[in-house]
Amino acid sequence: MTENKRLGGWQFWVDLYDDYVIKTPKNRNEIKEEVEKFLRWKNKLDELNERTDKMIFDIKNATKIIKKSKIPKRYLANIEFLEDGKIKQKRVKSLDGVLKKLSKKQRLELIDKIAKFLLEMWKYGIHEYTYKVFSNLGLKKERIVFIDPFEITSNKNKVLKQIKKQKWAKPEKYQKHLSDNEIDYLMTKLKKTFTQKNLNKYWKTK
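According to the working numbering, the sequence shown is numbered sequentially starting from 122.
Set out below in structure tokens:
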């Protein structure tokens, strides 16, 4: 396939092809540059090294979690781990890109799918702990998939702490994606999904 262009994220360089992408991990200095831009804007440069180390750890940790789990690769956009830390995935539109083309009814249906997908991930002992669902998830043939599965944890105790603190309940995170009514719907949906009862019922059942 013909290469279209290269994009740069926080952790990876992403080479776009017609129907797949190749992600090349950035080195520490490149990651640090991205983190520094963000922290300078937040006026928190004292966190630079800690945040950089965390990002590098997240990649390694998520890779281990995925390789050890029984999660079907279709949920990860057919992820393949190549040499030198490179990753190949199907090219999939992020949910943020998909949202713009949906009707009001379809947008609410998408929120339902998101909640169902996150619960499905629990069955494989995987939890997306940043709740950046519109950038980390995508839609492939009407099915939700991970396009950026590198902000995950397999630590059930950590998930339980997030549930008790309602870490997902930050409506302001979704203001650029959803209307006020849609945000309310999402918050209600996540509150019903992220419960200790569901965690104990579904965690690592597959």
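Glycine included, every Cβ here is placed at the ideal spot set by N, Cα and C.
{"Query": "Limits of the alpha helix (DSSP H) - the one that K282 falls within", "Result": "K277 to K286"}
{"Query": "Separation of G259 from S215, as counted between CA atoms", "Result": "4 Å"}
{"Query": "Any non-hydrogen atom of the ligand MG closer than 7 Å to K285 Cβ", "Result": "As far as ligands go, the structure on display features none, and thus does not contain the ligand MG."}
{"Query": "Residues sharing a beta bridge with H248, DSSP", "Result": "T274"}
{"Query": "Buried versus exposed call for G218 [16 or more other C-beta atoms within 10 Å across all chains shown]", "Result": "exposed"}
{"Query": "Three-state secondary structure (DSSP) of H126", "Result": "In the sequence on display, residue 126 carries Lys and not His. Note: K126 maps to strand in three-state DSSP."}
{"Query": "DSSP state of K253 mapped onto helix, strand, coil", "Result": "coil"}
{"Query": "Length of the line joining the Cα atoms of K237 and L160", "Result": "33 Å"}
{"Query": "Residue span of the alpha helix (DSSP H) that contains Q227, given as start and end", "Result": "K225 to W243"}
{"Query": "The region 239 to 258 / the region 280 to 295 touching (three or more Cβ pairs under 8 Å)", "Result": "yes"}
{"Query": "Closest Cα partner of K277 within the set Q317, E230 and Y141", "Result": "Q317"}
{"Query": "Cβ neighbour criterion (16 or more within 10 Å) applied to N164", "Result": "exposed"}
{"Query": "Burial state of F202, where buried means 16 or more other Cβ atoms lie within 10 Å", "Result": "exposed"}
{"Query": "Given 8 Å, three or more beta-carbon pairs between the region 261 to 278 and the region 299 to 307", "Result": "no"}
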